[in-house]
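**Q** Numbering (full-length UniProt numbering), first residue to last: 1 to 177.
#1: Apply the 10 Å Cβ neighbour rule to residue 50 and answer buried if 16 or more other Cβ atoms are within range, or exposed otherwise.
#2: Within its chain, find whatever has a CB closer than 8 Å to the CB of residue 42; leave out the 5 residues flanking it on each side and keep chain order.
#3: Please report the straight-line C-alpha distance between residue 132 and residue 75, rounded to a whole angstrom.
#4: Does DSSP put residue 65 in a helix, a strand or coil?
#5: Under the three-state reduction of DSSP, which class applies to residue 42: helix, strand or coil?
#6: When you compare only the Cα positions, how much space is there between residue 10 and residue 40?
#7: Buried or exposed: which applies to residue 106, given that a residue is buried once 16 or more other Cβ atoms fall within 10 Å of its Cβ?
#8: Measuring alpha carbon to alpha carbon, tell me which residue in 112, 16, 78 is nearest residue 134.
#9: Give the DSSP-derived three-state secondary structure of residue 104 in the structure shown.
#10: Residue 72 by DSSP, collapsed to three states: which one?
#11: Residue 6 to residue 130, Cα distance in whole Å?
#12: Can you say whether residue 112 is buried or exposed, counting buried as having 16 or more other CB atoms within 10 angstroms of its CB?
#13: In angstroms, rounded to a whole number, what distance separates the CA positions of residue 33 and residue 48?
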């Protein structure tokens, strides 16, 4: 499954300041590209790409080489509010089913004006992968299909049965030796 990816290389883990130092070696000290890449321990092709990008734009706008992190639909604060709502719904009643959580996430994303995948518009709900990763990030949540209360259980929970089964004696004597 692609949800838990094991890293096989160290590509994209080099700090951006190393690329900047190598770029300065090339531009100021007139060291060759391959020599600068070898002295800093980075790939010469990646350094070439960085140098081209750095020459075209200013330093602040230059994105460091490597992998970009995946895009999230909700911000941290919005996701915290969603988690609190799901917990509150679970405390009040049965809780929400996975499908209801996905529908609610879609409605919330469209209300907040968040950028979300196009597939959400087709089904009017968030994807299964989103729900899986949301539950991994918020592992205190328990989202499952709610079980209905049987008719006999709901009718037997009345005042008389409660008093009979849960009557607490007013004075309890404790013998401690």
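For each residue, glycine too, the CB sits at the ideal point set by N, CA and C.
Remember, it's a predicted structure, so these values are computed and weren't measured experimentally.
**A** With the structure as the only source:
#1: buried
#2: 14, 18, 19, 22
#3: 17 Å
#4: coil
#5: coil
#6: 15 Å
#7: buried
#8: 78
#9: helix
#10: coil
#11: 19 Å
#12: exposed
#13: 7 Å
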